[in-house]
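Structure record follows, encoded as structure tokens.
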Amino acid sequence: MIIQETRAYKHLNVNVSLSRFRSSAGRTEWHAMLTLDANTERSDTDQVKALLDAQSLLTDQLGANVLFGRMMVKDGIGCAAENLSCIGQAPLDGTAAALWLWLEDKADNGCRHIFGSNYVATVSDDGAPLSDSESQSRALLVKYNNDLKDKGLNLADNCLRTWFFVRDIDKNYHGLVVARREYFDDNGLTRDTHYVASTGINGNPADCEALVQLDTYTVSGLDLSRITYLKGSSHLNPTAEYGVTFERATKVQFDDRNMILISGTASIDNHGQILYPDDAQQQARRMLENIEVLVNEGGAQMSDLMHGIVYLRNAADYMKVRNVIDSALPALPKVYVLAPVCRPGWLVEMECIAMTE
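My numbering puts the first residue of the sequence shown at 263, with every later residue one more than the last.
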């Protein structure tokens, strides 16, 4: 059962929306979305600092450890912090930053959760600049896979989820698609085996030379028979049919809980076509319907969602989309950021995680 609550650190102008899941074995996980008061008078830099200060307060109060975190910021704002991903995706509420945290109170028995963040690759091994998204994407995948090999792991067996943030996605997404497909194919991830849950979305890395940034979620010590790839075939088509290489969703059965990783999901049908062109509200409704199909296939309900990140192509659609999603999921910790989706016709996309016994 998911318990949702809100907290406020008024002296920091920070609001916290929190989901809590406690397994029968006594392990607790939280997902928290930390946002700033829209009328805050703090500078952009001070807003980021306030979120980091609130993170420290929250972890102390919960007695929790941060598994993973991501700061979403206006372009040009730094957020150097240990173990945090940082990406240029401006919150649509007008503030400078928002922070997503994934927390736990104790480690898994037999499994190790490994998160990677801020992978970029702007030069080759011999120091030559990598100036296009295809070469950068291939190089950062090599870097990630080498990190796995150093831990005795590999891409096909241990990677559960990726996030690819692409600068100027309408121009640079194709290079990522080609590099990922070829690298996956060379490393045991094919349409005949499996891919991984993923989001590919516009986002500006802090490194101004980087066209692509990668974040990753890897698990060691997990029996592969406990991983199921969800298709949502009544509403969605296999991604390989239009040349991309990720799973719609992945269900992972740990000893004490089930976790469903929902990839970035948009308004698409089971023929791969965009539904409701130019209508952000209708796209948001179909997007939620697609997510529900995947969640249900994994044996869960929408009430089992722990968090959501909503990506919008156009700032003008913010309130229209927010009204739809807030009405359907009023208590869910979520954030709305300016981040165009990988096809120009898609106006909104959402990723999320569900948790059940």
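Note that CB positions come from ideal geometry on N, CA and C, so glycine has one too.
Remember, it's a predicted structure, so these values are computed and weren't measured experimentally.
Label residue i either buried or exposed according to how many other C-beta atoms from any shown protein chain fall within 10 Å of its C-beta, with 16 as the threshold for buried.
i: residue 275; result: buried
i: residue 408; result: exposed
i: residue 434; result: buried
i: residue 614; result: buried
i: residue 307; result: exposed
i: residue 617; result: buried
i: residue 470; result: exposed
i: residue 513; result: buried
i: residue 297; result: buried
i: residue 313; result: buried
i: residue 611; result: buried
i: residue 385; result: exposed
i: residue 406; result: buried
i: residue 573; result: buried
i: residue 309; result: buried
i: residue 533; result: exposed
i: residue 465; result: buried
i: residue 411; result: exposed
i: residue 596; result: buried
i: residue 438; result: buried
i: residue 535; result: exposed
i: residue 475; result: buried
i: residue 346; result: buried
i: residue 268; result: exposed
i: residue 360; result: buried
i: residue 600; result: buried
i: residue 448; result: exposed
i: residue 528; result: buried
i: residue 606; result: exposed
i: residue 505; result: exposed
i: residue 526; result: buried
i: residue 486; result: exposed
i: residue 305; result: exposed
Could you give the first and the last residue of the continuous beta strand (DSSP E) run that contains residue i?
i: residue 359; result: 359–366
i: residue 431; result: Unbroken run through residue 431 is the alpha helix (DSSP H), 431–448; no beta strand (DSSP E).
i: residue 270; result: 264–271
i: residue 347; result: 346–350
i: residue 428; result: 421–428
i: residue 334; result: 327–335
i: residue 374; result: 374–381
i: residue 459; result: 459–464
i: residue 600; result: 596–600
i: residue 489; result: 489–492
Using only alpha-carbon positions, find the residue among the options that is nearest to residue i.
i: residue 592; options: 270, 281, 263, 523; result: 281
i: residue 576; options: 354, 270, 506, 564; result: 354
i: residue 609; options: 538, 595, 559; result: 538
i: residue 351; options: 343, 345, 362; result: 362
i: residue 338; options: 322, 332, 358, 326; result: 358
i: residue 419; options: 405, 450, 391; result: 450
i: residue 264; options: 601, 520, 545; result: 520
i: residue 452; options: 426, 504, 508; result: 508
i: residue 571; options: 549, 559, 443; result: 549
i: residue 368; options: 332, 324, 331, 346; result: 324
i: residue 342; options: 321, 311, 364, 322; result: 311
i: residue 273; options: 286, 266, 443, 299; result: 299
i: residue 553; options: 502, 496, 373, 533; result: 496
i: residue 377; options: 505, 423, 463; result: 423
i: residue 336; options: 500, 604, 598; result: 598
i: residue 477; options: 562, 383, 578, 270; result: 383
i: residue 373; options: 562, 390, 479; result: 479
i: residue 364; options: 327, 390, 388, 349; result: 327
Under DSSP, the alpha helix (DSSP H) around residue i begins and ends at which residues?
i: residue 581; result: 580–590
i: residue 557; result: 542–559
i: residue 400; result: 395–412
i: residue 310; result: 306–324
Can you check DSSP and say which residues form a bridge with residue i?
i: residue 515; result: 520
i: residue 614; result: 524, 570
i: residue 282; result: 265, 292
i: residue 477; result: 425
i: residue 509; result: 459
i: residue 298; result: 276
i: residue 530; result: 536
i: residue 482; result: 374
i: residue 391; result: 385
i: residue 353; result: 599
Output yes if chain C places a C-beta closer than 8 Å to the C-beta of residue i; else output no.
i: residue 547; result: As a matter of chain content, chain C is missing from the structure shown, which is built from one protein chain.
Q.
With three or more beta-carbon pairs closer than 8 Å as the criterion, would you say the segment 396–415 touches the segment 452–468?
A. With contact defined as three or more Cβ pairs closer than 8 Å, the segment 396–415 and the segment 452–468 are not in contact.
Q) Are the segment 310–327 and the segment 282–301 touching, with three or more C-beta to C-beta distances below 8 Å? A) With the cut-off at 8 Å, the segment 310–327 and the segment 282–301 touch.
Q: Check whether the segment 480–491 touches the segment 500–513, taking contact to mean three or more Cβ pairs, one atom from each stretch, closer than 8 Å.
A: By the Cβ rule, the segment 480–491 counts as touching the segment 500–513, because three or more pairs are nearer than 8 Å.
Q | the segment 541–554 touching the segment 570–587, judged by at least three CB pairs closer than 8 Å | A | Contact holds: three or more Cβ-Cβ distances are below 8 Å.
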